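Enquirer: Everything in the sequence shown is counted per my numbering, starting at 378 for the first residue and increasing by one. Quick reminder that beta carbons are idealized off the backbone N, C-alpha and C, glycines included. What you are looking at is a predicted structure, and each value in this text was computed from that prediction instead of being measured. Attaching a single structure in structure tokens format; questions to follow.
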Amino acid sequence: MGFLEKVGGFAGKAGEKITKAASGAADKSKLLAEKAKLKSHISTENSNISKAYTELGKKYFEVFGQDPAEDFAEIVGKINDANAHIAELQQQLAALDVETTCPKCGASIKKDQQFCQSCGAKMESFVDVEPEDLEVVVEDAVEEAKEDTEI
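The structure is reproduced here in structure tokens:
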């Protein structure tokens, strides 16, 4: 057996091994892709279930929120408490806002505007007063009233 025959035999065996390895890698790649696809479908279905649970809970709250079953009373109470807290926070946020609504037409206007740009109604001017300032004014008025009554 000559040198070239040995090299040819070695090259043939190496080629077979490379082909098997490539085929095995391709099979593993297909398997991993299929697994990823199935996991994605499972995740999508879990998301659909979560959305359905949320819809079910909202529907239950809408229908039975005023008179929930005993098992649900605590959860409904938490929702009611959270809704009340949100309303308070929205009022605080509105107080900080630089806009207000027109009492005549409900349009959004800047607090420092004198007239509504939608309906033309004259806006009342509001003065922001700190609580400490009110205490001083009240105390001064009380002192003046005492002085006026003392004769």
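1. Can you give me the C-alpha to C-alpha distance between Ser424 and Leu470, rounded to a whole angstrom?
2. Provide the residue span of the alpha helix (DSSP H) that contains Lys455, from first to last.
3. Excluding the 5 residues flanking Pro445 on each side, which residues of the same chain have their C-beta closer than 6 Å to its C-beta?
4. Counting only the same chain and skipping the five closest in sequence on each side, list residues whose C-beta sits under 7 Å from that of Val506.
5. Taking the alpha carbon of Lys455 as the point to measure from, which residue in Ala484, Phe438, Gln467, Leu466 has its own alpha carbon closest?
6. Quick check on this structure: which residue in Lys481, Asp489, Lys487, Ile486 has the alpha carbon closest to the alpha carbon of Ala498?
7. Considering Glu476, what are the terminal residues of the beta strand (DSSP E) in which it resides?
8. In the DSSP assignment, find the beta strand (DSSP E) that holds Ser485 and state where it starts and stops.
9. With DSSP run on the structure shown, which of helix, strand or coil describes Lys499?
10. Would Glu476 pass as a contact of Ile486 if the rule is Cβ separation under 8 Å?
11. Sorted by chain position, which residues of the same chain lie with C-beta nearer than 6 Å to Gln443's C-beta, five sequence neighbours on each side aside?
12. Measure the C-alpha to C-alpha separation of Lys436 and Ser420 and round it to an integer number of angstroms.
13. Taking DSSP as the reference, what is the three-state secondary structure of Val504?
14. Just the Cα atoms here: how many angstroms apart are Ala484 and Lys414?
Expert: Let me spell this out:
1. For this step, residue 424 is matched to residue 47 along the sequence shown. For this step, residue 470 is matched to residue 93 along the sequence shown. A straight line joining the alpha-carbon of Ser424 with that of Leu470 spans about 33 Å.
2. To locate residue 455, count along the sequence shown from 1; it is residue 78. Here the alpha helix (DSSP H) through Lys455 covers 450 to 473.
3. Against the sequence shown, residue 445 aligns to sequence position 68. Val453, listed in sequence order.
4. Working through the sequence shown from its first residue, we reach residue 506 at position 129. Here the model assigns Val506 a pLDDT of 47, short of 50, so the residue's position is not dependable, and the following value carries that caveat. None.
5. Within the sequence shown, the letter at position 78 stands for residue 455. Shortest Cα-Cα distance from Lys455 to any of Ala484, Phe438, Gln467, Leu466 involves Phe438.
6. Along the sequence shown, one-based indexing puts residue 498 at 121. Nearest option by C-alpha distance: Lys481.
7. Counting from 1 along the sequence shown, the entry for residue 476 is found at position 99. Residue range 476 to 478 is occupied by the beta strand (DSSP E) that includes Glu476.
8. For the purposes of this step, residue 485 is taken as residue 108 along the sequence shown, with counting starting at 1. DSSP places Ser485 inside the beta strand (DSSP E), whose first and last residues are 485 to 487.
9. Numbered from 1 along the sequence shown, position 122 holds the residue referred to as residue 499. Correct three-state label for Lys499: strand.
10. The residue given as residue 476 occupies position 99 in the sequence shown. The residue given as residue 486 occupies position 109 in the sequence shown. Taking the C-beta atoms as reference points, Ile486 is found nearer than 8 Å to Glu476.
11. Against the sequence shown, residue 443 aligns to sequence position 66. None.
12. Your numbering for residue 436 matches position 59 in the sequence shown. Your numbering for residue 420 matches position 43 in the sequence shown. Whole-angstrom Cα-Cα distance: 24 Å.
13. The sequence position of residue 504 within the sequence shown is 127, counting from 1. Low confidence applies here, because Val504 scores a pLDDT of 47, under 50, leaving its location unreliable; read the following figure in that light. Coil, per DSSP.
14. As a first step, residue 484 must be located in the sequence shown, where it is residue number 107. As a first step, residue 414 must be located in the sequence shown, where it is residue number 37. Taking the straight line joining both Cα atoms gives about 52 Å.
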